[in-house]
Amino acid sequence: MPSLGLIMSQVFNGLALGVLLSLIAAGLTIIYGTLGVINFAHGALFVVGAYAGFSVFTSTGSFVLSIIGGAVAAMIIGLIMERGLIKRFYNRPVEDQILVTFGVSIVIVEIIRAIFGGVGQRVPVPVWGEGVVDMGFVVYPLYRIQILAIAAGALGLCWMVLYRTRLGLIIRSGIEDALMTRLLGINIQRAFLIVFGVGAAAAGFAGMIYAPIVSIVPDMGFRVLIQSFVVVVLGGVGSFPGAILGGLIAGQILSLTSLFNPVYSDVMLFAAMAVILILRPQGLLGVEGRA
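Numbering (our numbering), first residue to last: 117 to 407.
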């Protein structure tokens, strides 16, 4: 039986992973809920953010600039994708959207591999994140606690934009009824561009703040993408609070299951998704009929 300290350490690991998945899934669910596009290139944007941040950190030594650089780079790539290709597939079948975004993700990953190689890169923990914190019941790395605050702050900012600004009102209206939003004279195409850019930036931001915890490799986005889609299903398609709740649940499932047997962590995550789909097909906080 694992000790209490080990269990609590995994609980905090699950929280750190959960808020990161929430951040990635929030961008994914906003894009899908508003644009109706299943973006299989979202994981590649996560990788873009990690490598762009790594490049900025190598050049400047500033972790804060690295975070900004990762988010901006992913946003720029996302905007180019949306204007150059994705917007042509808004009214196309889902199969076409999956194929084109998956193809784009492969191209992006292979370009990154050609530039940086396939060997893993490391981003050191920033100076202000070094060390550990003794909580009494567990000694835990300081940076992982800071990730909770950083990601929570980013999610809070996204919440403010969605629920306290005119842009957020347009986005939420587009999620509920895109046709009526157009009939009201709102430039929905511009809103779509902004939505895609924000979603891409969220993925890039998450990629960089996650970089000091793992080795950066070109293929790291594929597993994150799959987990993020599970988070969206758990929380409910188009639901921002659902993405947060689903991410926290997924983080705990992955972390606590790996404490007993890492091989079954993904299996348990998909099992949880299957249970939710059976008992509540619209997700925990989703609205019935939204798809």
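For each residue, glycine too, the CB sits at the ideal point set by N, CA and C.
Computed from a predicted model, the values in this text were never measured in an experiment.
Distance between glutamate 246 and phenylalanine 308 (C-alpha atoms, nearest Å): The residue given as residue 308 occupies position 192 in the sequence shown. The residue given as residue 246 occupies position 130 in the sequence shown. Computed Cα separation, rounded: 40 Å.
Terminal residues of the beta strand (DSSP E) in which aspartate 250 lies: On the sequence shown, position 134 is the one that residue 250 refers to. Per DSSP, aspartate 250 belongs to the beta strand (DSSP E) from 248-250.
Span of the beta strand (DSSP E) around valine 255: The residue labelled residue 255 in the question sits at position 139 within the sequence shown. Residues 255-257.
Under 8 Å between C-beta atoms of valine 311 and isoleucine 147: Within the sequence shown, the letter at position 195 stands for residue 311. Within the sequence shown, the letter at position 31 stands for residue 147. Result yes, Cβ atoms of valine 311 and isoleucine 147 sit closer than 8 Å.
Residue of Phe156, Leu120 and Ser125 minimising C-alpha distance to isoleucine 342: The sequence position of residue 342 within the sequence shown is 226, counting from 1. The shortest C-alpha separation from isoleucine 342 is found at Phe156.
Expected contact under 8 Å - CB spacing of phenylalanine 232 and tyrosine 167 to nearest Å: Position 116 of the sequence shown, counted from the first residue, corresponds to residue 232. Position 51 of the sequence shown, counted from the first residue, corresponds to residue 167. Correct: roughly 6 Å between the Cβ atoms.
Unbroken alpha helix (DSSP H) run spanning isoleucine 394, endpoints: Translated into the one-based positions of the sequence shown, residue 394 becomes position 278. Taken as a continuous stretch (DSSP letters only), the alpha helix (DSSP H) holding isoleucine 394 covers 381-395.
Coil, strand or helix - valine 398 by DSSP: Translated into the one-based positions of the sequence shown, residue 398 becomes position 282. The question names valine, yet the displayed sequence has glutamine at residue 398. Coil at glutamine 398, not helix or strand.
Isoleucine 329 (DSSP reduced to helix, strand or coil): To locate residue 329, count along the sequence shown from 1; it is residue 213. Isoleucine 329: coil per DSSP, three-state reduction.
Segment contact flag, the region 322-329 with the region 213-225, C-beta cutoff 8 Å, min 3 pairs: no
Straight-line gap, valine 127 to arginine 298 (C-alpha atoms, nearest Å): Counting from one through the sequence shown, the residue named residue 127 turns up at place 11. Counting from one through the sequence shown, the residue named residue 298 turns up at place 182. Rounded to the nearest angstrom, the two C-alpha atoms are 45 Å apart.
Outcome for leucine 300 when other beta-carbon atoms lying within 10 angstroms are tallied against a minimum of 16: As a working note, residue 300 is residue 184 in the sequence shown. When all chains shown are included, leucine 300 counts as exposed.
Member of Phe162, Gly121 and Val135 whose CA lies at the smallest distance from the CA of glycine 313: As a position in the sequence shown, residue 313 is number 197, starting the count at 1. Taking only the C-alpha atoms, the option nearest glycine 313 is Phe162.
Whole-angstrom distance between leucine 131 and isoleucine 261, CA atom to CA atom: Reading the sequence shown from its first residue, position 145 is the one you call residue 261. Reading the sequence shown from its first residue, position 15 is the one you call residue 131. Distance between the alpha carbons of isoleucine 261 and leucine 131 is about 9 Å.
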